[in-house]
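**Q**
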Amino acid sequence: MPRHSKNNTASAVFTYAERSRLSYGTQKQRLGKDSKRNFDDCFQCLQTAVDPMSCPEGHICCKECIYVSILTQKKEIQAHAKLVAQARTKEEEKAGAEQEQKAQNQLAQAQAAISVTGNDSDAMVSDSSAAGVGTKRPDLPSFWIPSLAPSVEKDGPDVPEQTKKEVMCLSNSPHPLISAKKLFPVKFTKDKTKKSMCPSCKKQLTNGVKMSVLKTCGHVLCGTCASQFVKSSGRCNVCDTKCRAKEIVPLPTEGTGFSSAGPVEAKRYDHAFQG
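Structure below.
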């Protein structure tokens, strides 16, 4: 067998190794446990949450990180709204100036039509020729000289669209977060080894365990204790705080890396011949 027959794409079939070398199309990658974020990690800094806070959907984040995110988004929204207002003001001023110029031109044409008579035609010709002496010819637009290139005018107003009008929770599944008042603290109970556990049944909490957090007190319980004790009694069995069923928020996790729980495959699509 000659050496060139062993090159890529020289075979009659497109092998898996050749397909994995492509930089375009749909790329798939198997995710392991190292690619999974722990249930008590902040979804912004990806570290163990410090003073953990949770949104109404159960996404955990550091208190500092979530407040910084909210303030940053509010500043961006205000800045964008200011740009939109300035652009609209410029468009209104431009439209007003065009209307005024149009009215002035119409008035000048009307006055010229009234003043023109048959006896003054020769005088007009001489005046117009005299006015044209020494005037500079207007520059024509040029496509190959940047300074003389014609400007493209849009039909509609050049006003930036305000795509983002409310603060969002920037988790894996972004959703609107009306205000910081919707956040509530999360309390993890630690065992002797400094690992999180359920304060009711002392079960160690991991990504493979279903768990819930109570909005009223912030305690994190395993799914079994939350459904059997809290929902039935209407109170937290740790601190005896009242808690309704709708105030029990399940905590989402990214899974353990096994195919039975959580996303285990990442996909990315790239266009061909786009660098």
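Using full-length UniProt numbering, read the sequence shown as starting at 1 and increasing by one per residue.
The beta-carbon is built from N, C-alpha and C at its ideal position, and this holds for glycine as well.
Measure the CB-CB distance between Lys194 and Gly218 and report whether it falls below 8 Å.
**A** To locate residue 194, count along the sequence shown from 1; it is residue 194. To locate residue 218, count along the sequence shown from 1; it is residue 218. Not a contact, by the Cβ cut-off of 8 Å.
**Q** Considering Ala266, what are the terminal residues of the beta strand (DSSP E) in which it resides?
**A** As a position in the sequence shown, residue 266 is number 266, starting the count at 1. It spans 265 to 270 - the beta strand (DSSP E) in which Ala266 sits, taken as one unbroken run.
**Q** Using 8 Å as the threshold, is the region 163 to 172 in touch with the region 61 to 79, meaning 3 or more CB pairs across them?
**A** yes
**Q** To the nearest angstrom, report how far apart Thr216 and Val238 are at their CA atoms.
**A** On the sequence shown, residue 216 is found 216 positions in, with the first residue counted as 1. On the sequence shown, residue 238 is found 238 positions in, with the first residue counted as 1. Separation of Thr216 and Val238 (C-alpha to C-alpha, rounded to the nearest whole angstrom) is 12 Å.
**Q** If you run the structure through DSSP and keep just helix, strand and coil, what is Lys6?
**A** Within the sequence shown, residue 6 is the residue found at index 6, counting from 1. Correct three-state label for Lys6: helix.
**Q** Given a cut-off of 8 Å, decide if Val209 and Leu221 are closer than it, judged by their beta-carbon atoms.
**A** For this step, residue 221 is matched to residue 221 along the sequence shown. For this step, residue 209 is matched to residue 209 along the sequence shown. Result no, Cβ atoms of Leu221 and Val209 do not sit closer than 8 Å.
**Q** Report the rounded CA-to-CA distance for Cys62 versus Thr48, giving the unit in angstroms.
**A** Here residue 62 corresponds to residue number 62 of the sequence shown, with the count starting at 1. Here residue 48 corresponds to residue number 48 of the sequence shown, with the count starting at 1. Whole-angstrom Cα-Cα distance: 8 Å.
**Q** Please state if the CB of Asn207 and the CB of Thr253 are separated by a distance shorter than 8 Å.
**A** In the sequence shown, residue 253 corresponds to position 253, counting from 1. In the sequence shown, residue 207 corresponds to position 207, counting from 1. It is a contact, given that the beta carbons lie within the stated cut-off.
**Q** Considering just the uninterrupted stretch of the beta strand (DSSP E) at Arg30, what are its terminal residues?
**A** For the purposes of this step, residue 30 is taken as residue 30 along the sequence shown, with counting starting at 1. Its beta strand (DSSP E) spans residues 25 to 30.
**Q** By the three-class DSSP mapping on this structure, what secondary structure does Asp40 have?
**A** For the purposes of this step, residue 40 is taken as the residue at position 40 of the sequence shown. Looking at Asp40 - three-state DSSP - the assignment turns out to be coil, as it is neither helix nor strand.
**Q** What residue range is occupied by the uninterrupted beta strand (DSSP E) comprising Ser20?
**A** On the sequence shown, position 20 is the one that residue 20 refers to. Where Ser20 is concerned, there is no enclosing beta strand (DSSP E), although the alpha helix (DSSP H) it sits in stretches over 16 to 20.
**Q** Excluding sequence positions up to five away, which residues of its chain have a Cβ less than 6 Å from the Cβ of Gln66?
**A** The residue given as residue 66 occupies position 66 in the sequence shown. Note on identity: in this sequence residue 66 is Ile, with Gln being the wrong assignment. Within the same chain, Ile66 has close Cβ partners Met53.
**Q** If you follow the beta strand (DSSP E) that Ser54 is part of, which residue opens it and which one closes it?
**A** Numbered from its first residue, the sequence shown carries residue 54 at position 54. That run of the beta strand (DSSP E) goes 52 to 54.
**Q** In terms of residue numbering, what span does the beta strand (DSSP E) encompassing Pro250 cover?
**A** Numbered from its first residue, the sequence shown carries residue 250 at position 250. That run of the beta strand (DSSP E) goes 248 to 250.
**Q** Give the DSSP-derived three-state secondary structure of Cys68 in the structure shown.
**A** Taking the sequence shown and counting its residues from 1, the one referred to as residue 68 is at position 68. Sequence check: residue 68 is Val here, not Cys. Val68 sits in a helix when the DSSP states are folded into three classes.
**Q** Quick check on DSSP: helix, strand or coil for Lys242?
**A** What you label residue 242 is simply residue 242 of the sequence shown in a count that begins at 1. If DSSP states are grouped into helix, strand and coil, Lys242 belongs with the strands.
**Q** If you reduce the DSSP assignment to three classes, tell me which class Ser212 lands in.
**A** Here residue 212 corresponds to residue number 212 of the sequence shown, with the count starting at 1. Strand, per DSSP.
**Q** Quick one: grab the DSSP three-state call for Thr224.
**A** Mapped onto the sequence shown, residue 224 falls at position 224. It is helical.
**Q** Where does His80 sit, in a helix, a strand or coil, going by DSSP?
**A** Counting from 1 along the sequence shown, the entry for residue 80 is found at position 80. The answer is helix: DSSP assigns His80 an H, G or I state.
**Q** Rounded to the nearest angstrom, what separates His59 and Cys42 at their Cα positions?
**A** Translated into the one-based positions of the sequence shown, residue 59 becomes position 59. Translated into the one-based positions of the sequence shown, residue 42 becomes position 42. Spanning the two alpha carbons is a distance of roughly 8 Å.
**Q** For Lys190, which three-state DSSP category applies?
**A** The residue given as residue 190 occupies position 190 in the sequence shown. Looking at Lys190 - three-state DSSP - the assignment turns out to be strand.
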